[in-house]
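For reference, the structure discussed in these notes is given below.
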Amino acid sequence: MRERASGTLEVEDRGGILVARVHGGPHQLFGKDIADRLDALVDRADRDPAVRAVVITGAHPDRFVSHAEVRWLQEGGAAVPSVGRRGASAIARAARAADRAHLGGALSRTPLGPAVDLERVHQTFLRMNSSGVVYVAALNGSALGLGAEFAWAHDLRVMADDDIVIGQPEVLLGIMPGGGGTQRLTRLVGTHRSLVAILEGKPFTPAEALANGAVDDVVPSEQVVARAVELAEHFGTRSKESLAAIKRAVYFGGSMSLTDGLRVERAEFLTTVLSADGQEQMLDYMDATDATGELPLYTPGVYAEALASGRVPHVRSTAEAVAR
Amino acid sequence: MRERASGTLEVEDRGGILVARVHGGPHQLFGKDIADRLDALVDRADRDPAVRAVVITGAHPDRFVSHAEVRWLQEGGAAVPSVGRRGASAIARAARAADRAHLGGALSRTPLGPAVDLERVHQTFLRMNSSGVVYVAALNGSALGLGAEFAWAHDLRVMADDDIVIGQPEVLLGIMPGGGGTQRLTRLVGTHRSLVAILEGKPFTPAEALANGAVDDVVPSEQVVARAVELAEHFGTRSKESLAAIKRAVYFGGSMSLTDGLRVERAEFLTTVLSADGQEQMLDYMDATDATGELPLYTPGVYAEALASGRVPHVRSTAEAVAR
Amino acid sequence: MRERASGTLEVEDRGGILVARVHGGPHQLFGKDIADRLDALVDRADRDPAVRAVVITGAHPDRFVSHAEVRWLQEGGAAVPSVGRRGASAIARAARAADRAHLGGALSRTPLGPAVDLERVHQTFLRMNSSGVVYVAALNGSALGLGAEFAWAHDLRVMADDDIVIGQPEVLLGIMPGGGGTQRLTRLVGTHRSLVAILEGKPFTPAEALANGAVDDVVPSEQVVARAVELAEHFGTRSKESLAAIKRAVYFGGSMSLTDGLRVERAEFLTTVLSADGQEQMLDYMDATDATGELPLYTPGVYAEALASGRVPHVRSTAEAVAR
C-alpha cells in the first residue's frame, strides 16, 4: 500500500504580508493536508486585521504544485458505483449540504468523503475571492491541474521565466478540471482560449501565460517571491474593506447578468460609503478641495502619491489650518 | 456651508444627432443636476424618432467629468448610521422600490435620498443600453469615478490624445465604484484587467485605453467631437429598431447564461423579423436576388454601399421593372 | 412563385472523422433542408461511438454558407400580424414548447412554423456545444448571417486566406442575428468587439478574424479542409466523455455566475472521476509513479507524448513488471 504524502504550509509573517511555502512531499502534491492548512491560513488572514496580503509559493525547487494527489481523487471514485451525470450531480449536492452542516469530518471515511473534501477546497478558494486580503501566487515552478486551479484562485500571479508550465492536463487522464479550472481560467483569458487549452490539455509557457493574461508578470526565477511580495505590499496598502467589496463585485457580480451584477455592486458600494473610513476620507477630500481650490486627484502629484501610498493623502488638518 | 455646484447639459441638435456638453461647474462634477438633465435627455432621444444618436462631451477645457460631486455621495452616508453589508443591501432594495414607485422626489431630503438618486442614475444608464439611439462619448478630457462610469455606459468612446486619463480611483478614498464601474468595465476589458485596475485605483492613459478596448479611438484633442459625431452619424444610419434589439441582446442577453441569452436574442429577433420594416427589406432583398441572379450582399459593391448608407440599397422598384 | 432551394449535406467518413459538405443550391443558402440534415448528422455523431469529430465545409467554390434562405425567415413574419416585443416573446416561448413536445412537423405549415424551425436550429447548435464530438468549421469561403452563426457553433474554425469574410450583416436589412450570433460571437471575442461588429453589420476579413480570436487558424484556400481534419484528428484523440464534460462546463457553466458555474463543473467532474475510464487511467498514473519514482507528467517526454496521442501513455503493465 502506498504512503500518503503529508503536506504542510510553512508560513512566515513579514509585517502584514504572510509568505506561505507549500511543502507537498517529494512529488509536491496538493492533497488533503495542504487543503486543511490552506483553509486555516485563509481563516487567519480574514480574522487578523493586521494581515493585508498573502503570498503563496512552492518549497520545491522547480514546482509550485505538481497537481492534486491522484489517490485523493481516485479513492472516492473507486468506492462509489458508476453513477452517470444525474448521480454525480446528486453527490455534488449532498457534499455541498454536508459541508454546510460541518459534517465533513464525519463523512471523510465514507464514499462521500472525497466529494466533501472537494467541496471544502471550493469553499476555501471562494473565500480567497471574497476576502479583503490580496492573494498573490509566486509561481516558482510548474503548476498543473489543481496546482493551476489554486493559482487561478489568487488575485495576482507572478511566474518564473524558466522552463516551467501552467495549465490543465486532466483531459489526458480521461477526467477534467474539478477545482474551478473550467470556470476561473475561462473568466481570466476568455471562453475560447480557455476551451481550447482545456480540451487539448496543453499548458501555457510563461511567455504564453503573460501574453494571454493568465499571469501578471514574468521575472527571473530568483526574483519571483520578491516581486510577488512587492505586489502584495502595493495592493495591500488599500483599504481592506474596499478591496473585499471590489473583489466580490467583480468576481461574483461580474459573472452575473448585467442587471444582477449592478445590484451586487450597489449593495457593496453603499457599505463602503456608509463606513466610518469612507465617510472620513470623503469629508477630508472635500476639505482639501475647499482649502486648495482644486480637486486633490487633479492636483499635480497627488494622484501619483495616492497610488503609491494606497489612499489620497490626508490633508484635513492642513486644510483646516489653512482655512482658518 | 459649501455651495452645491449647479450643473447643466447644453444640447445642440445637428439634424438627428444631439451633441450635449456637460457643464459641471468650476470642478466639472457630476451631481444631481447633471443626473436630472441626463435623464431628460435620454427621454427625449427615446421619444423623438428623428434622434438617431447622442454625442456627449465636456464643456470644461480638459475634463470630460472630473468625478461625482463628493458631497452628494457623502451626505446620505452621514445621515445613516453604519449598517454593514446586510443593511446596505436593504437600503439598495428600498431605493430601487422607491424609484419604481416614483417616490424619488418625496424621499430626496431623507437619509434614503442619495441611494434613491444613485438608483435613478443606474436606471438612466440602463436606458442608454436599451435604446435604439447610439451613444458616443467624446472624451475631451479626463474621466474618473462616475465620469468613467458614465463613459462606460455609452456604446462607443473617442478619447483625446492628450495628457488625460480615464478610470476608477475610488479605492484610494476607502470606497469603491458605485455607478456600474465594476460591472461595465469588467464586461468591456475582461474580468482580470478590470479587477486589477479597480483594486489599484490606477486609471488608463489614452494609449492604454485604446490597447485594451476601453475606448474605440484616440484622436487629436481638437478632433474628438468631430470624430464622435462621425461615428454617431455612421452607426445612426442603421434601423433604430434593429439597433435597440441588438443592444439589448448583447448587453443583457450577452451577460446571462448562454441558454438564457439565446432566449433573449430569439425574442428580440422575432420582433425585428415581424416588423413592417424588416418584412419590407427582406422582400426587397429577394426581389433583387431574382432580378439580378445574385444575392445583393455578394454583388460587387453592394455590401460596401450598405455599410456606408446603413441598409442594403432598395432595388425593389428597379427589380420589378426588370422582372416585368 | 420562387423555387425553394433544396439543400443537402454530403457526408464522408474518414475513419472516425466525418467530413460534411454543405450543398446549399446555386446561392449556397442555409434553409430548412440543411437544418434537417444537420440535425440528423449531429444525432449520428452523438450515437456512433466511433465518430470522434466532424468537419463541416462548403461545397460551393467560394462560400461556406452565404446566409439563411431569406424566404424561410420572411414567410412566417408575413403570416403573423405585427406583435411587438411582448408578442414576439410569447411566440418564442410557444415555439420552444412546441419543439419540446415534438410538434414541429404538425406546426410547420402554420404561422408558428418558422419560429419552430428556428427553435430547432438552436437546439441543434446547442447539441453541438454539449457533445463529446469535436466540431471544426472549414471556412473555404464567406459566411454571413446564419452562415457565421453556424460557424460560431463549432468548437474550432479554420478560414481560407482569401478575399472572403465572416460576420453578421443583419442590421443592414432592418433585422438582427437570430441564430445565436449576438450570444456566441459575444462570448468568443468579448462584449464590446461583438457589439460594435453587429451594430455596424461589418464582417471580419480572415486576418481580422484571426487577430480577434473569431477563427483559430488561417491557411491557403486549398489547405482549409486538410488543416481542419488535422485539428479534428488531434482533438478527437481525447476521451469523448472528457471532451463532452469540458465543453458543457465551459460553454454553459462558463456563462453563468461564478458560483453556479462551479456547481456545473463539479457535477461534470465527478462523472468523469467516477467513470471506469477515469478510474483506470488514474490507477495507471499512480502505478507508473511508483514504478519510475517520478510523476509521468513530469517525466521527460511523457507530457509531449500525451499531447500527441491524447492520453498519458499506459505504463501499467510495464510498471507492474518493473515493480515485481
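Top to bottom, those sequences are chains A, B and C. First residue of the first sequence: 2, per the numbering used here; consecutive thereafter. First residue of the second sequence: 2, per the numbering used here; consecutive thereafter. First residue of the third sequence: 2, per the numbering used here; consecutive thereafter. The beta carbon of each residue, even a glycine, is placed where N, CA and C say it ideally should be.
Item	Value
Beta-carbon proximity check, Gly-8/A vs Val-66/A, cutoff 7 Å	no
Gly-300/B versus Leu-211/B - alpha carbon distance	Contrary to the premise, residue 300/B reads as Thr rather than Gly in this sequence. If I take the Cα positions, the gap works out to 35 Å.
Strand pairing of Ile-167/C, partner residues [DSSP]	Ala-144/C, Phe-205/C
Chain-ordered neighbours of Ala-245/A on chain C, where CB pairs are closer than 7 Å	Near Ala-245/A there are no residues of chain C at all, since even the closest Cβ is about 16 Å away, more than 7 Å.
Between the CA atoms of Ser-222/B and Asp-162/B - distance to the nearest angstrom	6 Å
Spatial distance of Gly-311/C from Arg-267/A (CA atoms)	47 Å
Beta-carbon spacing of Gln-29/C, Met-283/B below 7 Å	no
Pairwise C-alpha distance: Met-177/B and Arg-249/A	11 Å
Bounding residues of the alpha helix (DSSP H) (the contiguous stretch that carries Arg-264/A)	259-275
Helix, strand or coil at Leu-10/C [DSSP, three-state]	strand
Reduced DSSP category for Arg-94/B - H, G, I as helix; E, B as strand; rest coil	helix
Residue-level contact to chain C via CB, Leu-284/A, 7 Å cutoff	no
Beta-ladder partner(s) of Thr-58/C, from DSSP	Arg-22/C, Ala-139/C
Where the stretch 251-266 of chain B meets chain C: residues whose CB sits under 9 Å from a CB there	Val-251, Tyr-252, Gly-254, Gly-255, Ser-256, Met-257, Ser-258, Leu-259, Thr-260, Asp-261, Gly-262, Leu-263, Arg-264, Val-265, Glu-266
Min CB distance Val-137/A to chain B below 7 Å	no
Minimum C-alpha distance to Ala-46/C - residue among Gly-26/C, Gly-88/C, Gly-133/C, Arg-64/C	Gly-133/C
DSSP bridge partner residues for Leu-157/A (one or two, in chain order)	Val-137/A
C-beta neighbour in chain C for Ala-60/A, strict 7 Å	no
Met-287/A at chain C interface by Cβ criterion, 7 Å	no
Proximity to Lys-340/B [Cα-Cα], best of Glu-281/B, Val-135/B, Gly-179/B, Glu-209/B	Here chain B comprises residues numbered 2 to 325, so residue 340/B is not present and cannot be evaluated.
Contact with chain A by Gly-146/C, beta-carbon distance below 7 Å	no
Closest by C-alpha distance to Ile-35/C, when choosing among Val-122/C, Gln-224/C, Arg-185/C, Ser-256/C	Val-122/C
Interface partners of His-193/B on chain A, CB under 7 Å	Leu-189, Gly-214
Cβ separation of Leu-173/B and Ala-307/A, assumed to be a contact under 8 Å, to the nearest whole Å	4 Å
Check whether Ala-139/A and Val-159/A have beta carbons under 7 Å apart	yes
Boundaries of the beta strand (DSSP E) in which Phe-65/C is found, first to last residue	64-66
Selection from Asn-130/A, Phe-151/A, Ser-256/A that minimises the alpha carbon distance to Gly-262/C	Ser-256/A
7 Å Cβ cutoff, Arg-239/A in contact with chain B	yes
Simplified DSSP assignment, three categories, for Phe-253/C	coil
Residue from Phe-31/B, Val-20/B, Thr-238/B whose Cα sits closest to the Cα of Val-71/B	Phe-31/B
Rounded C-alpha distance that separates Gly-16/B from Arg-188/A	42 Å
Any C-beta of chain A under 7 Å from that of Ala-307/C	yes
Chain B within 7 Å of Gly-26/C, Cβ atoms only	no
Residue span of the beta strand (DSSP E) that contains Val-313/B, given as start and end	First-last for Val-313/B: undefined, no H or E at that position.
Supposed contact pair His-61/C and Leu-145/C - C-beta distance, whole angstroms, cut 8 Å	Wrong, their Cβ atoms sit about 13 Å apart, outside the cutoff.
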